[in-house]
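Here this note's numbering is used: position 43 in the sequence shown is 317, and no number is missing along the way. Where is the CB? At the ideal position from N, CA and C, for every residue including glycine.
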Amino acid sequence: KIVAAHGNFDEAHVIDKVPEQAVDIEELRKAVFEGEAGWKALAEAKGGLV
Numbered sequence: 275k276i277v278a279a280h281g282n283f284d285e286a287h288v289i290d291k292v293p294e295q296a297v298d299i300e301e302l303r304k305a306v307f308e309g310e311a312g313w314k315a316l317a318e319a320k321g322g323l324v
């Protein structure tokens, strides 16, 4: 699977959330590999796009 990412997969956070909310990188990887349903579920759980 190819994913366009800004930066790398060393760390991740919720976009536009103050204070910045970190997201576990393994949780993000799992969501990405689950496809659209996975990343949408992660965004809903975290309160914004990761």
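query                                                                                                             : result
Between the CA atoms of His280 and Lys314 - distance to the nearest angstrom                                      : 18 Å
Spatial neighbours of Arg303 in its chain, beta-carbon cut-off 8 Å, leaving aside the 5 residues before and after : Phe283
Other residues of its chain near Ile289: CB distance less than 6 Å, five sequence neighbours each side excluded   : Gly322 and Leu323
Extent of the continuous alpha helix (DSSP H) to which Gly312 belongs                                             : Glu310 to Lys320
Separation of Gln295 from Val306, as counted between CA atoms                                                     : 18 Å
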